[in-house]
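Those sequence lines, one after another, are chains A and B. Residue numbers for the first sequence follow the working numbering, so the first one is 2 and each next one is one higher. Residue numbers for the second sequence follow the working numbering, so the first one is 2 and each next one is one higher. Even glycine gets a Cβ: it sits at the ideal position worked out from N, Cα and C.
There are 2 protein chains.
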Amino acid sequence: MKIFSPDDENNKKLVDFLKKLGLSASEIKTVTNTEIEFKKGENVCKQGSFASYIMILKEGWLKSFVENIHFKNTVFKITKPFSIIGLSCLYGDNHYHFGCQAIMQSKVCLVERTVFDDIIRTNNKFASEIIKMYSNSLQNLYDRLNSISNKQSLSKVCDSLIYLSEKIFESDVIPPVITRRDIAELSGLATENIVRILAELKFANAISVDRKEIIILDMDMLKRFSCFG
Amino acid sequence: MKIFSPDDENNKKLVDFLKKLGLSASEIKTVTNTEIEFKKGENVCKQGSFASYIMILKEGWLKSFVENIHFKNTVFKITKPFSIIGLSCLYGDNHYHFGCQAIMQSKVCLVERTVFDDIIRTNNKFASEIIKMYSNSLQNLYDRLNSISNKQSLSKVCDSLIYLSEKIFESDVIPPVITRRDIAELSGLATENIVRILAELKFANAISVDRKEIIILDMDMLKRFSCFG
DNA sequence: ACACAAAATTGATAATTATCAATAATTATT
DNA sequence: AATAATTATTGATAATTATCAATTTTGTGT
Numbered sequence: 002m003k004i005f006s007p008d009d010e011n012n013k014k015l016v017d018f019l020k021k022l023g024l025s026a027s028e029i030k031t032v033t034n035t036e037i038e039f040k041k042g043e044n045v046c047k048q049g050s051f052a053s054y055i056m057i058l059k060e061g062w063l064k065s066f067v068e069n070i071h072f073k074n075t076v077f078k079i080t081k082p083f084s085i086i087g088l089s090c091l092y093g094d095n096h097y098h099f100g101c102q103a104i105m106q107s108k109v110c111l112v113e114r115t116v117f118d119d120i121i122r123t124n125n126k127f128a129s130e131i132i133k134m135y136s137n138s139l140q141n142l143y144d145r146l147n148s149i150s151n152k153q154s155l156s157k158v159c160d161s162l163i164y165l166s167e168k169i170f171e172s173d174v175i176p177p178v179i180t181r182r183d184i185a186e187l188s189g190l191a192t193e194n195i196v197r198i199l200a201e202l203k204f205a206n207a208i209s210v211d212r213k214e215i216i217i218l219d220m221d222m223l224k225r226f227s228c229f230g
Numbered sequence: 002m003k004i005f006s007p008d009d010e011n012n013k014k015l016v017d018f019l020k021k022l023g024l025s026a027s028e029i030k031t032v033t034n035t036e037i038e039f040k041k042g043e044n045v046c047k048q049g050s051f052a053s054y055i056m057i058l059k060e061g062w063l064k065s066f067v068e069n070i071h072f073k074n075t076v077f078k079i080t081k082p083f084s085i086i087g088l089s090c091l092y093g094d095n096h097y098h099f100g101c102q103a104i105m106q107s108k109v110c111l112v113e114r115t116v117f118d119d120i121i122r123t124n125n126k127f128a129s130e131i132i133k134m135y136s137n138s139l140q141n142l143y144d145r146l147n148s149i150s151n152k153q154s155l156s157k158v159c160d161s162l163i164y165l166s167e168k169i170f171e172s173d174v175i176p177p178v179i180t181r182r183d184i185a186e187l188s189g190l191a192t193e194n195i196v197r198i199l200a201e202l203k204f205a206n207a208i209s210v211d212r213k214e215i216i217i218l219d220m221d222m223l224k225r226f227s228c229f230g
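Next up, the structure:
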């Protein structure tokens, strides 16, 4: 799978994405006006800080997480192009309730919250598409919460692998951009446990591992482990 | 605080609530048309089942949770009148990703998903209010996830008490309708732990306990414990 | 008020997962 | 290509929380 596309091709894809959401040419211009680049590891937004922007990921990969004061993170979403980040801040208490970090070099369009809000209020089709995203975000969060809160470590890791494969990369291959630590944070476990459980899954022929790349060989097995709890 | 109101007063409050969301008189009639009563402990919706309805809680109290196959539940929300349940099912895969149960006798208005969707598409003010609810739901879920995934038991219980006091009952008093088990499910812990931790908090004079009623005496202390992780 | 059922409580123990420490492998930098 | 820095891996141990069993308290229905 291609993780990186040249800029012009990427621009076109972004515009296509926004068109499908029902934005007009001028609205597209507005929301793609400000583009910021983030290096791997940089914070895209910081939990607790004032939420000025809604963001659109144009290029690269991000992870979104909740963090406690001891900097233990739980990742609830891996974000691929083209996705909108920060919808939960559109209304409410105006602060980010999560943090977001680039897991590789990424480009993000910043849209002022008020601008985004104006478009929603005047563009019905767009509002409707945004509501779909909210629905999906909630469903994803329920699934993550269920995995992290109600299951044991093997099932949690299987859930993370299924999530990455089916929802994010849409491939049997989970590329090296995802580290053991990312999987740990996604599963709510310590990194050392991930290593051990991946070794078990490899031994059971459910996955193969080549350096940091993970290939899912037996999705049914992962799903059985996931269900077992 | 009053948990139960006579029917006529309640009808008026429900209509007021819906008016504030921007619904017209005829729309209000549509969404309050079908009213169902649930006994304490009854399922209002079942995780995994087909999502036909969006629901409006008219009277009583509900808890929403994610459940695994061994019936271990994690509660992520206590619902009071007047709240909308099931917005996450408005689009997406058409199944409930959570379960919902009455924790006391409750009355719920059922609104067909398609009907709800139609109103959103035609009523801008309502759509905007619904988006606010989505934002709040996401923010609440991030907070719950952070508590359940990143903290230790004392902090988790404090978070649950703070949530119940500030967001749900808007009072220092957490009434007996909330059981030890509810707090356990809300905190992602076993009931026995809740008993022990409540005893600790009582000993520290952070709360007082009279049978099932919990009174918060020192909210600052709870918040310090919550932050500590 | 009585009997039954449900919920809360307490103590003891087991299971699970995190942490720590040390090393190996991989990736990034000069 | 060499070196530094990060990430992955392994084993041993500690900490946390769940589970189990027994008892008490509280709530419900007749």
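- The beta carbon of B:Val112 sits no closer than 8 Å to any beta carbon of chain A.
- With contacts defined as CB atoms closer than 8 Å, A:Ile184 and A:Ser209 fail to qualify as a contacting pair.
- In this structure, the straight-line span from the alpha carbon of A:Cys228 to that of B:Ile70 is close to 7 Å.
- Around the beta carbon of B:Ala205, fewer than 16 other beta carbons lie within 10 angstroms, which makes this residue exposed.
- Shown here, A:Ala52 sits in coil according to DSSP, grouped into three states, outside any helix or strand.
- For a cut-off of 8 Å, the C-beta gap from A:Ile104 to A:Val178 is around 6 Å, short enough to register as a contact.
- For B:Phe229, the secondary structure class from DSSP, reduced to helix, strand or coil, is helix.
- Non-local beta-carbon contacts of B:Asn44 in its own chain, meaning distances under 6 Å to residues more than five positions away in sequence, involve Gln102 in chain order.
- DSSP lists A:Asn44 and A:Lys64 as the bridge partner or partners of A:Gln102.
- Taking a Cβ-Cβ threshold of 7 Å, the residues of chain A close to B:Arg122 are Asn125 and Ser129, in chain order.
- Cβ neighbours of B:Asp17 within its own chain (closer than 6 Å, five residues either side excluded): none.
- The count of Cβ pairs closer than 8 Å, one atom from the stretch 65 to 83 of chain A and one from the stretch 121 to 128 of chain A, stays below three, leaving the stretches out of contact.
- Non-local beta-carbon contacts of A:Lys157 in its own chain, meaning distances under 7 Å to residues more than five positions away in sequence, involve Ser148, Ile149, Ser188, Gly189 and Leu190 in chain order.
- Remark: C-beta atoms of A:Asn11 and A:Lys59 approach each other more closely than 8 Å.
- In the DSSP assignment, B:Thr80 is bridged to B:Leu63.
- CA-to-CA, the gap between A:Asn141 and A:Phe170 works out to about 15 Å.
- Excluding its 5 nearest sequence neighbours in each direction, A:Lys41 has C-beta neighbours in its own chain below 7 Å: Ala103, Ile104, Met105 and Gln106, listed in chain order.
- The continuous stretches of alpha helix (DSSP H) do not include A:Asp211, which lies in the beta strand (DSSP E) extending over residues Ile208 to Asp211.
- At least 8 Å separates the CB of B:Asp173 from every CB of chain A.
- Bridge partners of A:Lys108 according to DSSP: A:Glu38 and A:Glu60.
- Note on geometry: alpha-carbon atoms of B:Lys133 and B:Leu22 lie some 10 Å from one another.
- Comparing alpha carbon positions, the residue from A:Gln153, A:Asp173 and A:Lys168 closest to A:Ile198 is A:Gln153.
- Here B:Ile215 carries a strand assignment [DSSP, helix/strand/coil].
- Shown here, B:Val174 sits in a strand according to DSSP, grouped into three states.
- A:Val109 places its beta carbon less than 8 Å from that of A:Ile37.
- In this structure, A:His98 lies away from B:Tyr135, with their beta-carbon atoms at least 8 Å apart.
- The alpha-carbon separation between B:Lys203 and A:Ser53 amounts to approximately 41 Å.
- The Cβ of A:Thr75 sits closer than 8 Å to at least one Cβ of chain B.
- Just so you know, the alpha carbons of A:Ala207 and A:Val67 end up roughly 30 Å apart.
- B:Thr115 sits in a helix when the DSSP states are folded into three classes.
- Closer than 8 Å to the CB of B:Leu187 there is not a single CB belonging to chain A.
- Here B:Lys224 is near B:Ile163, since their CB atoms are less than 8 Å apart.
- At a cut-off of 8 Å between beta carbons, A:Cys159 makes no contact with chain B.
- For the stretch 78 to 111 of chain A, the residues whose beta carbon sits under 8 Å from a beta carbon of chain B are, in order, Leu88, Ser89, Cys90, Leu91, Tyr92, Gly93, Asp94, His98 and Phe99.
- Along the stretch 53 to 76 of chain A, going in chain order, the ones with a CB nearer than 8 Å to a CB of chain B are Val67, Glu68, Asn69, Ile70, His71, Lys73, Asn74 and Thr75.
- Among the CB atoms of chain A, none fall inside 8 Å of the CB of B:Ile169.
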